[in-house]
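Enquirer:
There are 2 protein chains.
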Amino acid sequence: MSSLPSPSAERPLRRDAERNRRLILDAAAEAFAEEGLHVTLDEIARRAGVGVGTVYRRFADKESLIDALFEDRIAEVVAVAEAALGHEDPWAGLVLWMDGFIGMQAADQGLKELLLSSAHGQQRVAGARDRLLPLVTAIVERAQAAGELRPDLRASDMPMLGHMLSGVADYTRCVSPDVYRRYVGIVLDGLRVRRDAASELPIPALDIDDVDAIMSTKGP
Amino acid sequence: MSSLPSPSAERPLRRDAERNRRLILDAAAEAFAEEGLHVTLDEIARRAGVGVGTVYRRFADKESLIDALFEDRIAEVVAVAEAALGHEDPWAGLVLWMDGFIGMQAADQGLKELLLSSAHGQQRVAGARDRLLPLVTAIVERAQAAGELRPDLRASDMPMLGHMLSGVADYTRCVSPDVYRRYVGIVLDGLRVRRDAASELPIPALDIDDVDAIMSTKGP
DNA sequence: CGTAACCGGAGATGCAGTCTCCGCTTATGA
DNA sequence: TCATAAGCGGAGACTGCATCTCCGGTTACG
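Chains X and F are the protein sequences, given in the same order. Be aware that the first sequence starts at 1, since it is given in this note's numbering, and climbs by one per residue. Be aware that the second sequence starts at 221, since it is given in this note's numbering, and climbs by one per residue.
(1) Does the beta carbon of D210 (chain X) come closer than 9 Å to any beta carbon on chain F?
(2) Would DSSP call R231 (chain F) helix, strand or coil?
(3) Judging by CA-CA distance, which residue of X:E34, X:E30, X:P12 is the nearest neighbour of D170 (chain X)?
(4) What first and last residue would you give for the alpha helix (DSSP H) that runs through R182 (chain X)?
(5) Counting only Cβ pairs nearer than 7 Å, list the residues of chain F close to G167 (chain X).
(6) Please name the residue, chosen from X:V184, X:D196, X:D207, that lies closest to V95 (chain X) on a Cα-to-Cα basis.
(7) Kindly say whether T392 (chain F), judged by its beta-carbon, lies nearer than 9 Å to any beta-carbon of chain X.
(8) To the nearest angstrom, how far is the alpha carbon of D429 (chain F) from that of D398 (chain F)?
(9) Report the neighbours of L156 (chain X) on chain F: residues whose CB is nearer than 8 Å to its CB, in chain order.
(10) In terms of DSSP beta bridges, what is L369 (chain F) paired with?
(11) Quick check: L28 (chain X) and P90 (chain X), are their CB atoms within less than 9 Å of each other?
(12) Output needed for I203 (chain X): all residues of its chain with C-beta closer than 6 Å, excluding positions within five of it in sequence on either side, in chain order.
(13) Quick one: Cα of L352 (chain F) to Cα of E368 (chain F), how far?
(14) Determine whether the Cβ of Y56 (chain X) lies closer than 9 Å to any Cβ atom of chain F.
(15) I need the straight-line Cα distance from V395 (chain F) to G49 (chain X), nearest angstrom please.
(16) Going by beta carbon distance, what residues of the same chain come within less than 7 Å of L305 (chain F), once the five residues before and after it are set aside?
(17) Quick check on the DSSP output: the alpha helix (DSSP H) that includes T54 (chain X) runs from which residue to which?
(18) At the 9 Å Cβ level, is I434 (chain F) part of the contact set with chain X, yes or no?
(19) Between the stretch 263-279 of chain F and the stretch 322-340 of chain F, are three or more C-beta pairs nearer than 8 Å?
(20) Unbroken beta strand (DSSP E) runs of length 3 or more, entirely within the stretch 19-51 of chain X: which are they?
(21) Can you tell me the Cα-Cα spacing of A295 (chain F) and D42 (chain X), whole angstroms?
(22) What's the gap between the Cα of H383 (chain F) and the Cα of D157 (chain X)?
(23) Looking at chain F, which residues of the stretch 60-71 of chain X have a Cβ within less than 7 Å of any of its Cβ atoms?
(24) Beta-carbon separation of E228 (chain X) and R124 (chain X) under 9 Å?
(25) Would you tell me roughly how many angstroms separate the C-alpha atoms of Q325 (chain F) and H258 (chain F), rounded to the nearest one?
(26) Which two residues bound the contiguous alpha helix (DSSP H) that contains S386 (chain F)?
(27) Could you please give the first and the last residue of the uninterrupted alpha helix (DSSP H) stretch that includes S117 (chain X)?
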């Protein structure tokens, strides 16, 4: 009986096929994180050490692969928002949210494109955004009620702040993958209602040579 | 004598040719500003109402066209820096510089790409950057000496701040070409050493529908 | 050891951008 | 007025890139 194929149930893959599936998933995660969603499936196959055919046998198309990969990543973003809202200090909660939100996007270009563009996986991501909005609104309003966060900020500013800051992260990554946190620091200072001095930035400025290096890498 | 062709001197174009040259230049300026340097010459020809052939007869390639167009635009950037440094109030000078620098890039994607990527017109732009660096350094240090600007900011932060803010400008332009100034305001607040309250932002936040609209336009 | 499942990667397909070519049109000045 | 050099439009050649297919050969496994 067990030898009969059971069409509706999932038949386990042959061992080599399962191994390759994992190789592909891992390579894709790495590639999307480093390069963004525009990487070709040929490149992913190359990284995984398999042929393109193998990728297409396992995933109908790029979209399916993206879906399979990011299902849980976007749940993580929601988890970060929940953790931030759970923090006892309202301002620290906001900082936690910003750091997590931006940090995840800075570490993973693919995730950023998924969260910010609705070009892929509309279903899944739209759902996550719906769960996110009330959480972020609460984080913002709580910090405002505590008199810490500038009262004119709105939850709808978040995507833009996220875009800005993960944008620098992309821009500077190749030379210094952490400088972006400098600018998160500056923006957070800009979000406070009042302060007596600028907070200490977590990272020193790049020097001019590094900036030149960045610009050189950006085009032929 | 005047009828002899003078090979080294420039022979004036026939009137229709000259008219088309202008049409192309104007169309290109508009197209580069709106879409960035990646627009195709076919698109520029279409906007100018001429054939592609006409464009290629007048400009050897895309690069030449870009050169012809942006020669004075980048000089303008230098002029803004000089004006800012000339302003009597050091902080106001910095604000002037940021507004001008970001504003020009926000109004013209092509200029932004030229200033930030060194993919095109290396010569001309590199020269402008050399003239710019001491000016910006002076603007920054003067505002710091006045005790207004946070002391840990460096001139080398400018390209990144520019990238960040003109990045949001690009992102939001299609829905509201001015919201980016909101984020300039937040960043400027983050650059001050101390303040008693958040400054008033020049533009209200977008509402969620607008944000959704932006995301929808970013890719099918 | 037979065979169904799987593999690799060459290449078909489709699309987009740059630039050329040539038959036709037009400004100009003799 | 008209001869002609200068100019025009745009189809399409060429190139490069990304997606996805196909099939001869290989491999896991009952």
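Quick reminder that beta carbons are idealized off the backbone N, C-alpha and C, glycines included. No experiment lies behind these values; they were computed from the predicted model shown.
Expert: According to the data block:
(1) Closer than 9 Å: yes.
(2) R231 (chain F): coil per DSSP, three-state reduction.
(3) Minimum Cα distance to D170 (chain X) is reached at X:E34.
(4) According to the DSSP assignment, R182 (chain X) belongs to the alpha helix (DSSP H) that extends over 180-191.
(5) Simply H383, M384, G387.
(6) Of the candidates X:V184, X:D196, X:D207, the one whose C-alpha sits nearest the C-alpha of V95 (chain X) is X:V184.
(7) Interface criterion met: the Cβ of T392 (chain F) is under 9 Å from a Cβ in chain X.
(8) Going by the C-alpha atoms only, they are around 17 Å apart.
(9) Checking the sequence, you will find Ser at residue 156 (chain X) rather than Leu. The contacting residues are A425, L426, D427, I428, D430, V431.
(10) Answer is F:R412, bridged to L369 (chain F).
(11) Checking the displayed sequence, the identity of residue 28 (chain X) turns out to be Ala instead of Leu. Not closer than 9 Å, so no.
(12) Excluding sequence neighbours, I203 (chain X) sits near D178, V179, R181, R182.
(13) Between L352 (chain F) and E368 (chain F), the C-alpha separation is close to 22 Å.
(14) At a cut-off of 9 Å between beta carbons, Y56 (chain X) makes no contact with chain F.
(15) Roughly 44 Å separates the two Cα atoms.
(16) Beyond the five residues adjoining it in sequence on each side, L305 (chain F) comes within less than 7 Å, by CB distance, of G313, L355, A358, I359 in the same chain, given in chain order.
(17) 52-58 is the span of the alpha helix (DSSP H), which, as asked, contains T54 (chain X).
(18) At a cut-off of 9 Å between C-beta atoms, I434 (chain F) counts as an interface residue with respect to chain X.
(19) Cβ pair count under 8 Å is below three, so no.
(20) Entirely contained in the stretch 19-51 of chain X, not one beta strand (DSSP E) run reaches 3 residues.
(21) Going by the C-alpha atoms only, they are around 44 Å apart.
(22) H383 (chain F) and D157 (chain X): Cα-Cα distance of roughly 18 Å.
(23) Listed by position along the chain: nothing, the set is empty.
(24) Nothing about residue 228 (chain X) can be read from this structure; chain X reaches only from 1 to 220.
(25) Their backbone Cα atoms lie some 16 Å apart in a straight line.
(26) Note, S386 (chain F): alpha helix (DSSP H), 378-392.
(27) Looking at the DSSP string, the run of the alpha helix (DSSP H) that includes S117 (chain X) is 109-117.
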